[in-house]
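Below is one structure, written out as C-alpha cells; comments come after it.
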Amino acid sequence: GESVGLHLPTLSVQEGDNSIINCAYSNSASDYFIWYKQESGKGPQFIIDIRSNMDKRQGQRVTVLLNKTVKHLSLQIAATQPGDSAVYFCAENSGEGFQKLVFGTGTRLLVSP
Amino acid sequence: EPEVTQTPSHQVTQMGQEVILRCVPISNHLYFYWYRQILGQKVEFLVSFYNNEISEKSEIFDDQFSVERPDGSNFTLKIRSTKLEDSAMYFCASSEGGAGKNIQYFGAGTRLSVL
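Respectively, the protein sequence lines represent chains A and B.
Residue 60 in our numbering is what sits at position 60 of the first sequence, and the numbering runs on without skipping anything.
Quick note, our numbering runs 1000 ahead of the 1-based positions in the second sequence.
Okay, here's the thing in C-alpha cells:
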C-alpha cells in the first residue's frame, strides 16, 4: 500500500544551525517527491521537488536527498532562520500524469534565535 | 506572483446543510485538486480534475461531494449534506501540467466548521 511517514514529529534547532528533516516512503513505484512548508493558518507552500531519476537536488539554502534503496527522503536546510519555523511535509506522487499527492504526517521545525 | 485563492477563509454551517467552497486556480494551470486537513492531521487528497472531468478521487470523496468548474476561472467543491466529521481545512491546488510542470500550488484554505 501507499504510506509516507516521518521519523521525528518535532525538531528544535538554534538559528544558524543546519536542519535535516527525514521522511520514509513505502511505495517503490513513487517517482516524484515534493517538500512543502506549512506555516500556521496557511496552505502548504512548495519548497523543492525531486524525481526518482535523481538522488540530490539543491535549491536556495535547501537540499533534497533521495535514497531509493531504502526509500528515504530528506530535506536539509542550511543556516536555519527563525522564519523557517513551520511544519514540513514530504509528499509523493506515484500515479501517472498529475494525480494525487500522498502526504506524510509532518515534522514541526522550531528555530530558536 | 500568481497564487491560488480560496473563499471564504472560514465557513460555519449546520449539520445537514450544503456548502460550496470556492477556488480560483492559477490562470494558466490545467489541473485542479482538492485536499483536506483535519486539525492536527496530515493533508489528504480528495479529488483531481482535468479537462472538465474528475481524473481521480479518493475514498473520502463519496456521493456527498462534487466538484465543478462553472466558468473559466472558478473551481468549486460542494458538500451536499455536511456531517460533523467534515469539519476540516479544505485546500485547493492547481498545477500547470506537462513534463516537469506538475508542481501543485496550494491556496490558503477554507476552514469548514460543521456544528
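Idealized CB from N, CA, C, for every residue including glycine.
Computed from a prediction, not measured in an experiment: that's the story for all the values here.
Measure the alpha-carbon distance for residue i versus residue j and round it to whole angstroms.
{"i": "G83(A)", "j": "Q1011(B)", "result": "29 Å"}
{"i": "R1022(B)", "j": "Y1031(B)", "result": "16 Å"}
{"i": "A1088(B)", "j": "I1038(B)", "result": "4 Å"}
{"i": "L1084(B)", "j": "I1026(B)", "result": "31 Å"}
{"i": "Q58(A)", "j": "L1046(B)", "result": "31 Å"}
{"i": "I1103(B)", "j": "T10(A)", "result": "26 Å"}
Going by DSSP, name the residue or residues bridged to residue i.
{"i": "A1108(B)", "result": "Its beta-bridge partners do not exist; DSSP assigns none."}
{"i": "F89(A)", "result": "Y36(A)"}
{"i": "S19(A)", "result": "I77(A)"}
{"i": "D49(A)", "result": "I34(A)"}
{"i": "V1043(B)", "result": "Looking at the DSSP assignment, V1043(B) forms no beta bridge with any residue, so it has no partner."}
{"i": "I956(B)", "result": "Limits of chain B in this structure are 1001 at one end and 1115 at the other, which puts residue 956(B) out of reach."}
Can you find the residues in the same chain that come closer than 7 Å, C-beta to C-beta, to residue i, ignoring five residues on each side of it along the sequence?
{"i": "V111(A)", "result": "V13, E15, T80, Q81, P82, D84, S85"}
{"i": "S28(A)", "result": "K71"}
{"i": "M1015(B)", "result": "T1082, K1083, L1084, V1114, L1115"}
So, at 8 Å on beta carbons, what are the nonlocal neighbours of residue i in its own chain, with the 5 sequence-adjacent residues on each side left out?
{"i": "L101(A)", "result": "I34, A91, E92, N93"}
{"i": "E1068(B)", "result": "F1075, T1076, K1078"}
{"i": "F1106(B)", "result": "V1004, Y1035, F1091, C1092, A1093"}
Within a Cβ cutoff of 6 Å, which residues of the same chain sit near residue i, ignoring the five residues on either side of it in sequence?
{"i": "Y1050(B)", "result": "Y1031"}
{"i": "F1056(B)", "result": "First, the residue type needs correcting, since residue 1056(B) is Glu and not Phe in the sequence shown. Taken in chain order, the residues that qualify are S1048."}
Please report the Cβ distance between residue i and residue j, rounded to the nearest whole angstrom; I am assuming they are in contact, meaning their Cβ atoms lie under 8 Å.
{"i": "K1042(B)", "j": "T105(A)", "result": "5 Å"}
Just to confirm, does residue i get its C-beta within under 7 Å of one of the non-hydrogen atoms of the ligand GTP?
{"i": "M54(A)", "result": "Looking at this structure, you won't find the ligand GTP or any other ligand, since it has none at all."}
Is the stretch 16-23 of chain A touching the stretch 67-81 of chain A in the sense that three or more CB pairs, one from each, lie closer than 8 Å?
With the cut-off at 8 Å, the stretch 67-81 of chain A and the stretch 16-23 of chain A touch.
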